[in-house]
Every structure is written in structure tokens, then in C-alpha cells.
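In our numbering, the protein residues as written are 17 to 109.
Ideal Cβ positions, reconstructed from N, Cα and C, are used throughout, including at glycine.
Down below is the structure, laid out as C-alpha cells.
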Amino acid sequence: MVERVLVTGGAGFIGSHLVDGLVSGGFDVVVLDDFSGGRRENLSVHFGGSNFCLVEGDVRVKADVEKALDVVDAYLRVTEKRKGLYAMFTMSS
Ligand SMILES: NC(=O)c1ccc[n+]([C@@H]2O[C@H](COP(=O)([O-])OP(=O)(O)OC[C@H]3O[C@@H](n4cnc5c(N)ncnc54)[C@H](O)[C@@H]3O)[C@@H](O)[C@H]2O)c1
């Protein structure tokens, strides 16, 4: 059963709303974000919460991704835009 979910880009507009929904739904959430576009204020309500963890890092850096994936059961990716397609919500467990 999925209990802890990684949201990459979780400090962004869409990602932070996903985080809100997941936390409200009872999931533990780990955010991996490099803050190149996102804002800490988007996540401020979750800081200090026992069900929230922030990993500051880059999805293109293997060590950062491994650090974040180490503690999760599934991930939601909202960081990338591909050629003409908005491939945002990839879920894997
Ligand atoms: N906001 C919309 O209405 C909308 C509509 C359609 C598609 N999209 C697409 O959805 C995606 C997310 O949109 P958004 O509005 O939430 O954007 P956003 O810029 O608010 O969020 C993206 C997040 O990803 C983080 N990020 C970027 N590169 C990263 C990296 N290499 N490593 C770690 N974190 C990284 C940023 O810091 C930011 O927090 C984008 O691809 C966007 O084009 C958005």
C-alpha cells in the first residue's frame, strides 16, 4: 500500500496543491524541489509537520533523486514540460 509519496516540483503551483491534497488525504509526503521556480511559501503550512519532508535538490541529479526515493513508496512528477506535451502527472510505485 502506498503511504509515502514523493512530489517532485512540489513547491510549484500545481505541485504544492498536490501536496496539500495528499497530506489532507492522510499520506506522508516528500517534496523534491530545487526552488528554481517554486516558492517556500507554497509549502509553509507543512513545515514542521510529521507527515512532510522537504529534500532540496535537482531531479536531474542522481544523488538527489536517490535521496528522495529512498524514503517513498510512489512519486508524482510535475517538473517537466516536454515538446508540445505537458507530461506532468507520472505516478509510479
Ligand atoms: N500552472 C498551470 O496552469 C499549468 C497548466 C498546464 C501545464 N502546466 C505545466 O505543469 C508543470 C508545472 O506547472 P506549475 O505551474 O506548477 O509550475 P511551477 O514553476 O510553479 O512549478 C514547477 C516546480 O518544479 C520545480 N523544478 C523545476 N525544475 C526542477 C528541477 N530540475 N529539480 C527540482 N525541481 C525543479 C520548480 O522549482 C517549481 O517548484 C509545468 O511543466 C507547466 O508547464 C502548468
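Can you tell me whether residue i sits near ligand 1, meaning its C-beta is under 7 Å from at least one heavy atom of the ligand?
i: Gly65; result: no
i: Ala27; result: yes
i: Phe159; result: Residue numbering for the chain in the displayed model covers 17 to 109; residue 159 lies beyond these limits and cannot be assessed.
i: Gly37; result: no
From residue i to residue j, what distance separates their C-alpha atoms?
i: Leu48; j: Gly42; result: 19 Å
i: Ser32; j: Asn58; result: 6 Å
i: Tyr67; j: Asp44; result: Residue 67 is actually Asn in this sequence, not Tyr. Asn67 and Asp44: Cα-Cα distance of roughly 4 Å.
i: Val75; j: Glu19; result: 21 Å
i: Ala84; j: Val61; result: 20 Å
i: Val87; j: Asp80; result: 12 Å
Using only CA atoms, which one of the options lies nearest to residue i?
i: Val46; options: Lys78, Gly73, Val77; result: Gly73
i: Gly11; options: Leu34, Lys78, Gly25; result: The structure shown does not extend to residue 11, since the chain is modelled only from 17 to 109, so the question has no answer here.
i: Asp50; options: Val88, Val23, Val87, Asp86; result: Val23
i: Ser52; options: Ala27, Asp36, Cys69, Glu82; result: Ala27
i: Cys69; options: Lys78, Val77, Asp36; result: Asp36
i: Phe29; options: Gly65, Arg56, Glu82, Phe63; result: Arg56
For the beta strand (DSSP E) that contains residue i, what are its first and last residues?
i: Val21; result: 20–24
i: Phe68; result: 68–72
i: Asp44; result: 44–49
Tell me whether residue i counts as near ligand 3, meaning its Cβ is closer than 7 Å to at least one heavy atom of that ligand.
i: Asp44; result: Absent from the structure shown: ligand 3. Ligands present: ligand 1.
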